[in-house]
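Novice: I have a structure here, written as C-alpha cells, and I will follow up with some questions on it.
Chains as they are written, first to last, in this note's numbering: chain A, 1 to 180; chain B, 1001 to 1405.
What follows is the structure, encoded as C-alpha cells:
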C-alpha cells in the first residue's frame, strides 16, 4: 500500500507539471494529497496528520477548481521537456531514495523527494499564477511529509501548518501588474 | 508562552492594520500598540526556554532574540520617521507581518517549520500588488524552499558521506537563494515599493533567517561544519567583492543600495563561516548595522533618488563614513573583529578580507550623497540612525552581550 501511495504522489506531481488548465492542476493536487494522507497514516501512524493533509489538500483542490482556465490542459503542445522532467525527476528520486539512502522508509523518501523536486521545478519555470500556486500547495505538503523522515516523529504540527499553507495559497487571487 | 506571544502579537497587529486601513490613524495606533507589546515580550523572554502551548515546540535563542529586537526597533524607526510620501499604515502592516514571520523562524526548533514559514512569507509578499509578476517574485524564495527541503532530507538519511556533503551544499545554496545574494540575486526593480521588492529578504528577514538556518545546519550535519564554513566564507568573499564593485559602478542609485546590502552580507557570511567567537561577533555587528542603519537610510534615500538630488553636505559625508565602516561607527568594530577572527584561523584569509574592505569607500560616498539634503522627519531619522550606529561602534559589548556573545 505504501509503495502504491509513493508512486501516486509522484504521479500527482507529474500531472501538475504537465498541466496548464485548472482541472488538470486540481487532479494532480488531489492525487498527491491522497497519497500523502495515506503515507502519513500508514508510515507515520498519525491519524491527525493524515486528516490535516486530507482537509488542507482537499480545500486546496476545491479552491483550485474555482479559478483559472476551465480546461484540463494536460500535456499541451510543447510539453515534451516537462514530460522528460517528470520521468527523469522520478527516476532520480527513486535512485536516491532506494540506493543512495540506505535506512528503512524508502517509500516516504521517494514520495517527498520526487514531489519537492518536481514542484520546485514547476514553480520556477511556470509563468501562470495558477500553476505556480498549485505547485506551492503541493510543495508545502511535501515539506511536511519530509519532516516524517526525522528519527523522532515530528508530530502532527508540520502537517497542520502545511495544510493551512496549502489551503491559504490556493485561496489567493493574483492580480498581475500588466492586468493579465 | 513568550515565543507564542512574540509571534501572535505582531501578527495580530498586522491584521488590525489591514482591517483598519480605511482609518489610517486608528490602524497605526492599533498596530503600534500590538507591535510594541510584542517587542516587550521578546525583550523579557527567557532565551532557550521551550514552550509548547500550541502543540509545536518553540524556543528563542539568545542571538535570534537580539536580532528580533533589532528588527523591531528598525521597524519602529522607519514607520515613525517615514518620509511624507510613504503610506505609514502599509509599511507597518508589512513590517509587522514580517516580524511575526521572523519570530516563527527564530523560535522554530525544526528546519521544516522554518522552510514553511519562508514559503508562507514568500507567497504573502509576492501576492501583494507590485511591479514584477508573481512568478518572478516568488522564484528566489521557492528555490530556497526546495533546496532547504532536499538538504534536510539528505541530512536525515543514512548512507555514504556524499549525502551529508550534498546536504551542506543544499543548506548554503538555499540560504543564499532566500537572501538573494550571489549567485541567486533576486530581480530588482528600482521603482518598486520597498515592501514588495527583494530588499526585505536581504535587509529585514535575512538576518534572523541566516542565523536560524546556520544553527540548524550545525545540528543536522555536525560532521560537515568545516565544509559549511568554507562554503559560507567563499560566498561571503564573492558577495563582498561583487556587491561593493557593483554598488560603485551601477548606473541606478536604488540598485547601488541593493548591491550594498549584498556587500554587507558578504562580511556577515565571512563572520558566520569563520565559526569562532570573534567571527560571530563581527557578523552580528554587521547585521545590527544593516537593520538599524543601512535599511532606514535606504528608505530615506528613495525620495532623493527619485528626484535626483545628490548632496555633499557634512551629513552626507557622515552617512558615507558610517556606510563604509569607518571608525568610530559599528562597521569599524565589526571589521576589526572579522580581521582578528580571520587571523586566528588562517592569516592569508585576513589579507583577502582586508583588501576587500578597501572596496567599500567609493560606493559608500555615492550612497551617502544619494541621501540628498534630509529635511524634517527624514533629517531626524538620519540623525538617529547615525547615533545608533555610533553607540554600537563605541560600546559594542552591551549589544553583543544581548546576543550572548
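A virtual CB, placed ideally from N, CA and C, is assigned to each residue, including glycine. In this text, all values refer to a predicted model and were calculated from it rather than measured experimentally.
1) Quick test of your reading: residue 1069 of chain B and residue 1213 of chain B, contact by CB under 8 Å. State the CB separation rounded to the nearest angstrom.
2) Name, going along the chain, the residues of the region 85-113 of chain A whose beta-carbon falls closer than 7 Å to a beta-carbon of chain B.
3) Can you list, in chain order, the residues of its chain whose CB lies under 7 Å from that of residue 1147 of chain B, leaving out five sequence neighbours each side?
4) Roughly how many whole angstroms lie between the Cα atoms of residue 179 of chain A and residue 99 of chain A?
5) Between the beta-carbon of residue 1260 of chain B and the beta-carbon of residue 1243 of chain B, is there less than 8 Å?
6) Take every Cβ of the region 129-140 of chain A, pair it with every Cβ of the region 22-34 of chain A, and state whether three or more of those distances are shorter than 8 Å.
7) Under 8 Å: do the region 53-60 of chain A and the region 156-175 of chain A share three or more Cβ pairs, one atom per stretch?
8) Under 7 Å Cβ to Cβ from residue 1339 of chain B, same chain only, skipping five residues before and after it: list those, please.
9) Could you pull out every unbroken alpha helix (DSSP H) segment of at least 4 residues lying fully inside the region 1079-1112 of chain B, listed in chain order?
10) I'd like to confirm the pairing. Which residues does DSSP put opposite residue 74 of chain A in its beta bridges?
11) With DSSP run on the structure shown, which of helix, strand or coil describes residue 1058 of chain B?
12) Select from the region 1156-1177 of chain B all residues with a C-beta closer than 8 Å to any C-beta belonging to chain A, and list them in chain order.
13) Beta-carbon within less than 7 Å of residue 1388 of chain B's beta-carbon, same chain only, minus the 5 sequence neighbours each way: which residues are those?
14) In the region 1103-1115 of chain B, which residues sit with their C-beta less than 7 Å from some C-beta in chain A, listed in chain order?
15) Excluding the five sequence neighbours on either side, which residues of its own chain have a C-beta within less than 6 Å of the C-beta of residue 1216 of chain B, listed in chain order?
16) Could you have a look at residue 1051 of chain B and say whether DSSP puts it in helix, strand or coil?
17) Shortest alpha-carbon distance to residue 993 of chain B belongs to which of B:1287, B:1032 and B:1385?
18) Residue 98 of chain A by DSSP, collapsed to three states: which one?
19) Find the residues of chain A that neighbour residue 1142 of chain B, judging by a C-beta separation of less than 9 Å, and give them in chain order.
20) Going by C-alpha distance, which of B:1152, B:1276, B:1014 and B:1156 is nearest residue 1035 of chain B?
21) Is there contact between the region 1373-1386 of chain B and the region 1067-1084 of chain B, where contact requires at least three CB pairs shorter than 8 Å?
22) Using a Cβ cut-off of 8 Å (strictly closer), state whether residue 3 of chain A contacts chain B.
23) What residues in the region 1128-1142 of chain B have a beta carbon less than 9 Å from any beta carbon of chain A?
24) Where residue 1408 of chain B and residue 127 of chain A are concerned, what is the direct C-alpha to C-alpha distance, given to the nearest angstrom?
25) Distance cutoff 8 Å, beta carbons only. Does residue 129 of chain A sit that close to anything in chain B?
26) Return the chain-ordered list of same chain residues with a C-beta closer than 8 Å to the C-beta of residue 70 of chain A, the five sequence neighbours on each side being excluded.
27) Which residues in chain A sit within 9 Å of residue 1055 of chain B, going by Cβ to Cβ distance?
28) Measure the alpha-carbon distance for residue 1240 of chain B versus residue 1264 of chain B and round it to whole angstroms.
29) Is the shortest distance between the beta-carbon of residue 43 of chain A and the beta-carbons of chain B less than 8 Å?
30) Can you check whether the CB of residue 1403 of chain B is closer than 8 Å to the CB of residue 1063 of chain B?
31) Output the distance between the C-alpha atoms of residue 1130 of chain B and residue 1030 of chain B, rounded to the nearest integer angstrom.
32) Are the Cβ atoms of residue 114 of chain A and residue 89 of chain A separated by less than 8 Å?
33) What does residue 175 of chain A touch in chain B if you count any residue whose Cβ is under 7 Å from its own?
34) Kindly say whether residue 1060 of chain B, judged by its beta-carbon, lies nearer than 8 Å to any beta-carbon of chain A.
35) Who are the near neighbours of residue 1255 of chain B in its chain, counting only those whose CB is closer than 7 Å to its CB and skipping five residues on each side?
36) Hey, how far is the Cα of residue 1156 of chain B from the Cα of residue 51 of chain A?
Specialist: Walking through what the data contain:
1) Counted from its first residue, the second chain places residue 1069 of chain B at position 69. Counted from its first residue, the second chain places residue 1213 of chain B at position 213. The beta-carbon separation of residue 1069 of chain B and residue 1213 of chain B, rounded to 20 Å, does not stay under the 8 Å limit for a contact.
2) Listed by position, the residues of the region 85-113 of chain A near chain B (Cβ gap below 7 Å) are 100, 101, 102, 103, 109, 112 and 113.
3) Here the question's residue 1147 of chain B lines up with position 147 in the second chain. Taken in chain order, the residues that qualify are 1170, 1173, 1174 and 1177.
4) In the first chain, the residue the question calls residue 179 of chain A occupies position 179. In the first chain, the residue the question calls residue 99 of chain A occupies position 99. Residue placement at residue 179 of chain A cannot be trusted, given a pLDDT of 46 that sits under 50; the coordinates are not used to answer.
5) Position 260 of the second chain holds residue 1260 of chain B. Position 243 of the second chain holds residue 1243 of chain B. Their beta carbons are under 8 Å apart, which means residue 1260 of chain B touches residue 1243 of chain B by this criterion.
6) Taking 8 Å as the limit for Cβ pairs, the verdict is that the region 22-34 of chain A does touch the region 129-140 of chain A.
7) The region 53-60 of chain A is in contact with the region 156-175 of chain A.
8) Reading the second chain from its first residue, position 339 is the one you call residue 1339 of chain B. These residues qualify, in order along the chain: 1350, 1353 and 1354.
9) Correct list: 1088-1107.
10) Counting from 1 along the first chain, the entry for residue 74 of chain A is found at position 74. According to DSSP, which records beta bridges pairwise, residue 74 of chain A is partnered with A:19.
11) Locating residue 1058 of chain B in the second chain gives position 58, where the first residue counts as 1. Residue 1058 of chain B falls in the strand class under three-state DSSP.
12) Per Cβ criterion, the list reads 1156, 1157, 1158, 1159, 1160, 1162 and 1163.
13) As a first step, residue 1388 of chain B must be located in the second chain, where it is residue number 388. Hits under 7 Å: 1292 and 1293.
14) 1110, 1112, 1113 and 1115: these are the residues of the region 1103-1115 of chain B whose beta carbon lies less than 7 Å from some beta carbon of chain A, given in chain order.
15) Taking the second chain and counting its residues from 1, one reaches residue 1216 of chain B at position 216. Once the five neighbours on either side are set aside, the close Cβ partners of residue 1216 of chain B are 1111.
16) The residue labelled residue 1051 of chain B in the question sits at position 51 within the second chain. Strand at residue 1051 of chain B.
17) Shown here, chain B extends from 1001 to 1405; a query on residue 993 of chain B therefore has no answer.
18) Residue 98 of chain A sits at position 98 when you count from the first residue of the first chain. Reduced to three states, the DSSP call for residue 98 of chain A is helix.
19) Along the second chain, read from residue 1 onward, the residue named residue 1142 of chain B stands at position 142. What residue 1142 of chain B touches in chain A: 119, 120, 123, 124, 132, 135, 136 and 139.
20) Reading the second chain from its first residue, position 35 is the one you call residue 1035 of chain B. Closest option to residue 1035 of chain B, Cα to Cα, is B:1014.
21) Under the three-pair Cβ rule at 8 Å, the region 1373-1386 of chain B counts as touching the region 1067-1084 of chain B.
22) Position 3 of the first chain holds residue 3 of chain A. Interface annotation, residue 3 of chain A: not in contact with chain B, CB-CB separation never under 8 Å.
23) Under the 9 Å Cβ criterion, the region 1128-1142 of chain B contributes 1129, 1130, 1131, 1132, 1133, 1134, 1135, 1136, 1138, 1139 and 1142.
24) One cannot answer for residue 1408 of chain B here, as it falls past the ends of chain B, which runs 1001 to 1405.
25) Along the first chain, one-based indexing puts residue 129 of chain A at 129. By this cut-off, residue 129 of chain A is an interface position.
26) Along the first chain, one-based indexing puts residue 70 of chain A at 70. These residues qualify, in order along the chain: 21, 22 and 23.
27) On the second chain, residue 1055 of chain B is found 55 positions in, with the first residue counted as 1. Under the 9 Å cutoff, chain A gives 155, 156, 157 and 160.
28) On the second chain, residue 1240 of chain B is found 240 positions in, with the first residue counted as 1. On the second chain, residue 1264 of chain B is found 264 positions in, with the first residue counted as 1. For residue 1240 of chain B and residue 1264 of chain B, the distance between alpha carbons rounds to 7 Å.
29) Here residue 43 of chain A refers to the residue found at position 43 when the first chain is read from its first residue. Using a Cβ-Cβ cut-off of 8 Å, residue 43 of chain A does not count as an interface residue toward chain B, since no Cβ of chain B sits closer than that to its own.
30) Translated into the one-based positions of the second chain, residue 1063 of chain B becomes position 63. Translated into the one-based positions of the second chain, residue 1403 of chain B becomes position 403. Inclusion of residue 1063 of chain B and residue 1403 of chain B in the CB contact set at 8 Å is warranted, their separation being smaller than that value.
31) As a position in the second chain, residue 1130 of chain B is number 130, starting the count at 1. As a position in the second chain, residue 1030 of chain B is number 30, starting the count at 1. Computed Cα separation, rounded: 26 Å.
32) The residue you call residue 114 of chain A lines up with position 114 of the first chain. The residue you call residue 89 of chain A lines up with position 89 of the first chain. In this structure, residue 114 of chain A places its C-beta atom within 8 Å of the C-beta atom of residue 89 of chain A.
33) Numbered from its first residue, the first chain carries residue 175 of chain A at position 175. Scanning chain B for C-beta atoms nearer than 7 Å to the C-beta of residue 175 of chain A yields 1129, reported in chain order.
34) Counting from one through the second chain, the residue named residue 1060 of chain B turns up at place 60. Using a CB distance cut-off of 8 Å, residue 1060 of chain B does not count as an interface residue toward chain A.
35) Looking up residue 1255 of chain B in the second chain gives position 255. Short of 7 Å from the beta carbon of residue 1255 of chain B, and not among the five residues preceding or following it, lie these beta carbons of its own chain, in chain order: 1188 and 1190.
36) By 1-based counting over the second chain, the position of residue 1156 of chain B is 156. By 1-based counting over the first chain, the position of residue 51 of chain A is 51. Whole-angstrom Cα-Cα distance: 25 Å.
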